[in-house]
Every structure is written in C-alpha cells, then in structure tokens.
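The block underneath contains the structure these notes are about, expressed in structure tokens.
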Amino acid sequence: KRGLKTNFMGHDIHYFNEVDSTNEVAKYLAEEGAEDGTVVVAEIQNKGKGRRGKTWISPPGGIWMSVILRPEIPPHRASQLTLVTGVVVAKTIKEELNIDVGIKWPNDILIGKKKVCGILTEVNATLDKVNYLVVGIGIDMNVDVPMLPSDLQKGATSLKNELNTEINGALLVQRFLQNFENIYNDFKDGKFPEILDEWRAMSSTIGTSVEVRTRGKRVQGYAVGINKEGILIIEMEDGSLRKMISGECLHLNK
Ligand code: BTN
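Residues in the sequence shown are numbered from 70 upward in steps of one, following full-length UniProt numbering.
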C-alpha cells in the first residue's frame with residue numbers, strides 16, 4: 070500500500086494469505102457496502118473461479134485480485150468494464166515489463182499464443198442499473214508453469230517464465246491500480262471509445278477466425294471488428310454478421 074499513488078483505487082485493500090476466491094470475498098464486502106475501488110488480494114485461492122464454472126488454479130506467486138466497482142451505468146454496459154480491465158492489465162504488463170501482449174476476446178491476456186491472465190467479471194444489477202461489479206483478475210506472475218496441472222501447461226505461461234526472473238508483485242499491483250484508476254476515470258468521463266481504440270490496437274482476435282460460445286452454443290466465423298459499444302462483430306460463413314457481447318458476465322440479480 071505504501072507508494073500507491075491513487076485517489077481512491079485500492080485505498081481500501083483487503084489482503085489475505087489464503088481465501089477460497091477473492092471474487093467471493095469481494096462480493097461479500099460489496100454487499101456490506103464496500104466502496105468503489107475496494108480491492109481484495111490473496112496469496113493463494115483454494116477455490117479460484119474461472120469462466121464457465123471452471124476452477125482457476127491459484128498457487129502462490131500469482132496475482133489473485135478482485136476490484137469492486139460502482140460505476141453509474143445501465144446493465145448493458147457492464148461487460149465493457151471487462152474490456153477496460155483487459156486494456157489495463159495488458160498496458161501494465163507491456164509498460165512495466167516490456168513484454169508484448171495481446172488481448173484475446175473478451176478477456177484473456179496472451180503472450181504469444183499462451184495465456185498469462187484471465188478476467189472474471191460478476192455483475193450485480195437491477196433491470197435499469199448496475200449496483201456493483203466485481204472484476205476478478207488472475208495473473209500468472211511468479212508461477213512456475215511446469216508446476217501447473219499438465220493439461221494447462223501447453224496453453225499457459227507466466228511472467229516469470231517469459232522473463233526468466235522473479236517479478237516484484239507489490240510494484241506491479243501498484244502500477245496496475247494506478248493505470249486502473251486513470252482508465253476507469255476515463256470510462257466514467259465517457260471516453261470508452263478511446264479505451265476501445267487501445268483494445269483494438271492490442272487485440273489478437275480481430276482479423277482472425279474465431280469460435281465463440283454463448284449459452285453453450287458454439288459459433289464460428291471471422292472477427293471483423295469491435296463496435297463502439299464494445300460488441301464483437303463476427304462474419305459468418307454465409308456472409309451475415311453477428312454481434313457478440315462478451316459472454317462471461319454472470320448476472321446475479323434480476
Ligand atoms: C478465466 O477463466 O479466464 C477467468 C479467471 C479469473 C481468475 C481470477 S483470480 C482472482 C479472481 N477470483 C476468482 O475466484 N477468480 C478471479
């Protein structure tokens with residue numbers, strides 16, 4: 070916390086050696102009224118959650134963190150914050166560690182073709198407004214890839230494995246929170262289109278063939294672009310266009 074130069078992001082920071090899931094802790098704190106920019110970090114997660122109900126393996130050495138956000142937005146804009154967070158993570162890794170990263174739709178951060186970070190956003194909203202969001206960020210920082218379960222090793226990398234050196238986690242989290250505050254303020258100031266430009270510039274999805282799953286269905290096509298709302302446009306084999314909202318948002322309340 071020392072050295073954190075933000076106005077609100079991470080001012081309320083809850084640090085744990087071990088939790089089941091930082092997203093679950095953050096949701097609990099949000100229900101108790103925790104403020105915009107509250108952060109939960111843990112050394113280890115015993116039941117880390119990935120997208121689509123998967124387990125997120127969270128050994129020591131990773132950054133397992135959740136941020137509570139309370140933007141005043143309608144529910145259909147909630148998924149935009151996953152894209153915003155992806156830009157923040159990608160930018161931070163790029164600027165601090167000089168590693169070339171790509172963003173895979175909607176929210177995987179890749180080095181080459183290997184995943185180094187995943188984002189799981191959970192939304193609590195009514196029909197007309199978002200109450201809060203919990204944005205969960207998992208970065209394989211000082212994780213040794215050979216220590217991961219064998220089925221994950223091929224598709225995963227870590228910052229340590231890429232650079233062959235241990236990363237200063239406290240510093241990286243600090244820089245991340247500073248970037249997050251700046252870009253989140255831009256988002257609140259109506260600058261989502263500019264943030265999307267950055268997303269586009271780092272996208273490893275646009276201009277490639279993709280398979281996207283929504284509600285269990287697999288859709289194949291070619292990613293032609295992302296529109297100003299943050300919706301991915303896919304051209305199907307018959308030439309028709311389809312829109313894809315990032316599918317990872319779990320809506321908790323009706
Ligand atoms: C994915 O499947 O790509 C998303 C992974 C998200 C993992 C992070 S780690 C911190 C936060 N707490 C969780 O339980 N999950 C997210």
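The beta carbon of each residue, even a glycine, is placed where N, CA and C say it ideally should be.
Give the single residue among the options whose Cα lies nearest to the Cα of residue i.
i          : options                        : result
ASP213     : LYS198, LEU221, ASN200, ASN230 : ASN230
VAL157     : ASP197, GLY106, GLN247         : GLN247
GLU146     : GLY106, GLY102, LYS182, GLU191 : Here residue 146 is Arg; the residue named in the question, Glu, does not match the sequence. Comparing Cα-Cα distances from ARG146 to each of GLY106, GLY102, LYS182, GLU191, the minimum goes to GLU191.
PRO144     : LEU179, GLU298, GLY294         : GLU298
LEU196     : PRO218, ILE142, ILE162         : ILE142
ASP81      : ASP105, LEU301, ASN92, ASN254  : ASP105
ASN254     : SER90, TYR84, LEU150, LYS183   : LEU150
residue 22 : GLY205, LYS257, VAL281, LYS123 : The first residue shown for the chain is 70 and the last is 323, placing residue 22 beyond what the model contains.
TYR84      : TRP133, LYS116, ALA225         : TRP133
ASN92      : ASN115, MET78, GLY72           : ASN115
GLY275     : ALA292, THR226, THR161, GLU164 : Note that residue 275 corresponds to Ile in the displayed sequence, not to Gly. The candidate whose alpha carbon is nearest that of ILE275 is ALA292.
Since residue i and residue j should fall inside the 8 angstroms C-beta cutoff, what is the C-beta to C-beta distance between them, to a whole number of angstroms?
i      : j      : result
ASN76  : GLU235 : ASN76 to GLU235, Cβ: 30 angstroms. No contact.
GLY130 : ASN211 : 4 angstroms
LEU228 : LEU179 : So it is not a contact: roughly 13 angstroms between Cβ atoms.
ARG139 : TYR201 : 5 angstroms
THR313 : VAL281 : With the sequence shown as reference, residue 313 is identified as Met, and Thr is not the correct amino acid for it. That belief holds up - the Cβ atoms of MET313 and VAL281 are roughly 5 angstroms apart, short of 8 angstroms.
ILE295 : ARG311 : No, ILE295 and ARG311 are not in contact; Cβ-Cβ is about 13 angstroms, not under 8 angstroms.
The beta strand (DSSP E) spanning residue i covers which residue range?
i      : result
GLY224 : First-last for GLY224: undefined, no H or E at that position.
GLU304 : 301 to 304
GLU191 : 183 to 194
LYS286 : 286 to 295
LEU217 : Per DSSP, LEU217 belongs to no beta strand (DSSP E) and is neither H nor E.
LEU73  : Neither: LEU73 is in no beta strand (DSSP E) and is coded neither H nor E.
ASP213 : First-last for ASP213: undefined, no H or E at that position.
What are the boundary residues of the alpha helix (DSSP H) that includes residue i?
i           : result
GLY238      : 238 to 257
LEU155      : Note that residue 155 is Gly in the sequence shown, not Leu. That run of the alpha helix (DSSP H) goes 149 to 166.
residue 324 : Outside the shown range of the chain (70 to 323) lies residue 324, about which nothing can therefore be said.
VAL199      : Unbroken run through VAL199 is the beta strand (DSSP E), 199 to 208; no alpha helix (DSSP H).
LEU265      : 261 to 271
GLU93       : 91 to 100
Let me know the beta strand (DSSP E) ranges lying completely inside the segment 103 to 146, each 3 residues or longer, listed in chain order. Listed in chain order, the complete beta strand (DSSP E) runs (minimum 3 residues) inside the segment 103 to 146 are 108 to 114, 132 to 138.
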